[in-house]
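> Handing you this structure, nothing more for now.
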Ligand SMILES: [Zn+2]
């Protein structure tokens, strides 16, 4: 039988955001992921480009995990006429609700105050809370390893990806082929999540490549311990911008483990100033099978952190403004592009005794990028602030596979597939395509946005 299937790379091809892959089989259209383009103005503008197929003609959406760059376009797709089912794992359904609620709220807030003072008028939000309600109404949760019909033309199965809670890679079977989309792949041997599942056999692999040209440092917690110890000597507050989803939990667990073996750091007050991170913590509680067991201290504090307090209300958050001595504040967003972290940076950037610790990737155009690349002064809330605090950038807490992890995962493939590298800058995507060819002899190429291939 001649193939009727085609794959079009709509997003996360040549960029790391806007993940959207259109699989067309016998006239039916399936989106694998439905992410928002994020970052600098040029990249965000890609959200306004019409899709290759009108939203109303998409038959189904298959979501790999709950990060905004994989789900953030969904309410817009619904607003534009999509009415089909949205498949995801049960923990991802919970995470989607948290992340999309926050996205709708943030878009309205940014519009109201003009995109971080970046320009006088921000474009209207892509969607609002009512579109999120409509999108969530289309969600059909499916557990890992349970095959499900997709648009009547393919059978899909989720397998653990080990990237964030609920994350999966997905295999679609149709016309005698098995096509695997990695989504975002996690790392092997992480404290909270199980290792990625083996690939099995596949004719096509669409693989992420975020850190395809890099190797992560082996033990991020030792780097964090040394940073905290030095910061305590300086004597000022320690501010940690961290993504509410997963990174905050990774940091809390690492701090708890450091406290268990370091008495001085055990005495340090730890504040989690993030209502969203608290909701994600609750999701870990709700899905105990979706992660490794979480240690607790005798008082029941999450992840076993000592001297822990959670700030949920605005009043609780504002009370942290008075913070002077050594204490840790973990808050979002992780790239300091919005949220409560801006208040803490506004308060402490000009304090030579303070330490700011960035434990994640900082994309170009964000405040986090400026601070981790040597800015002497920055503007927050209209004020120009000298950067006198110590800035530390830790790279070991990434939730993405590095080159070694990708190689280890590729080695679990029992066939010789054609690989397309997505979700990476050109250098890292090229490195992954080269790796697939050199180490495994697979035909491999870097996907470009707008490119369509016959399967
Ligand atoms: Zn992700």
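Numbering (the working numbering), first residue to last: 557 to 1011.
Here a beta-carbon is modelled for each residue, glycine too, at the ideal position from N, C-alpha and C.
Fair warning: this is a prediction, and the values are worked out from it, not measured in the lab.
Looking at the secondary structure, which residues open and close the beta strand (DSSP E) in which residue 797 lies?
From DSSP, the beta strand (DSSP E) with residue 797 extends over 794-797.
> Hey, is residue 902 close to ligand 1, as in C-beta under 7 Å from one of its heavy atoms?
Residue 902: no, Cβ never under 7 Å from ligand 1.
> Could you tell me whether any non-hydrogen atom of ligand 1 is closer than 7 Å to the CB of residue 720?
Yes, the beta carbon of residue 720 sits closer than 7 Å to at least one heavy atom of ligand 1.
> Is residue 673 buried or exposed, if buried means 16 or more other CB atoms sit within 10 Å of its CB?
Caution applies to residue 673, whose pLDDT of 48 falls short of 50 and renders its modelled position unreliable; the value that the coordinates give is listed next. So residue 673 counts as exposed.
> Going straight from the alpha carbon of residue 907 to that of residue 945, what length do you get?
Computed Cα separation, rounded: 5 Å.
> How many Å lie between residue 924 and residue 623 at the Cα?
Their backbone Cα atoms lie some 19 Å apart in a straight line.
> So, using beta-carbon positions, are residue 621 and residue 763 closer together than 8 Å?
No, the Cβ-Cβ distance between residue 621 and residue 763 is not below 8 Å.
> Mind reading off the beta-carbon distance from residue 573 to residue 593? Whole number of angstroms is fine, and I expect it under 8 Å.
Indeed, because the Cβ distance is near 5 Å, the residues count as touching under 8 Å.
> Report all residues for which the CB-ligand distance to some heavy atom of ligand 1 is below 5 Å; order them along the chain.
Those residues are 623, 740, given in chain order.
> Please list the terminal residues of the continuous alpha helix (DSSP H) segment that includes residue 778.
Residue 778 -> alpha helix (DSSP H) spans 776-790.
> Could you check the C-alpha separation between residue 570 and residue 789 for me, to the nearest Å?
Spanning the two alpha carbons is a distance of roughly 43 Å.
> In the DSSP assignment, find the beta strand (DSSP E) that holds residue 697 and state where it starts and stops.
Per DSSP, residue 697 belongs to the beta strand (DSSP E) from 695-697.
> With a Cβ-Cβ cutoff of 8 Å, do residue 920 and residue 796 count as a contact?
Result no, Cβ atoms of residue 920 and residue 796 do not sit closer than 8 Å.
> Nearest to residue 768 by CA position, among 892, 965, 584, 688, is which residue?
The option with the nearest alpha carbon to residue 768 is 965.
> To the nearest angstrom, how far is it from the Cα of residue 611 to the Cα of residue 617?
Approximately 11 Å between the Cα atoms of the pair.
> DSSP three-state label for residue 839, please.
In this structure, residue 839 counts as helix in the three-state DSSP scheme.
> Taking the beta strand (DSSP E) that residue 872 falls in, what are its first and last residues?
No beta strand (DSSP E) holds residue 872; the alpha helix (DSSP H) holding it covers 870-875.
> Alpha carbon to alpha carbon, what distance is there between residue 816 and residue 567?
For residue 567 and residue 816, the distance between alpha carbons rounds to 44 Å.
> Compute the Euclidean distance between the alpha carbons of residue 590 and residue 819, then round it to the nearest angstrom.
Taking the straight line joining both Cα atoms gives about 46 Å.
> Given that a residue counts as buried once 16 or more other Cβ atoms are within 10 Å of its Cβ, and exposed if not, what is residue 734?
The residue is buried, with at least 16 neighbouring Cβ atoms inside 10 Å.
> Is DSSP giving residue 1000 helix, strand or coil here?
Residue 1000 falls in the strand class under three-state DSSP.
> Comparing C-alpha positions only, which one of 751, 809, 627, 583 sits nearest to residue 559?
Measuring from the Cα of residue 559, the nearest candidate turns out to be 583.
> Quick check on DSSP: helix, strand or coil for residue 626?
In the structure shown, residue 626 sits in a helix (DSSP, three-state: H, G or I).
> Between residue 765 and residue 978, how many whole angstroms is the CB-CB distance? I'm expecting something under 8 Å.
With 8 Å as the limit, residue 765 and residue 978 qualify as a contact, their Cβ atoms being about 7 Å apart.
> Can you tell me where the beta strand (DSSP E) holding residue 734 begins and where it ends?
Element bounds for residue 734: 733-737.
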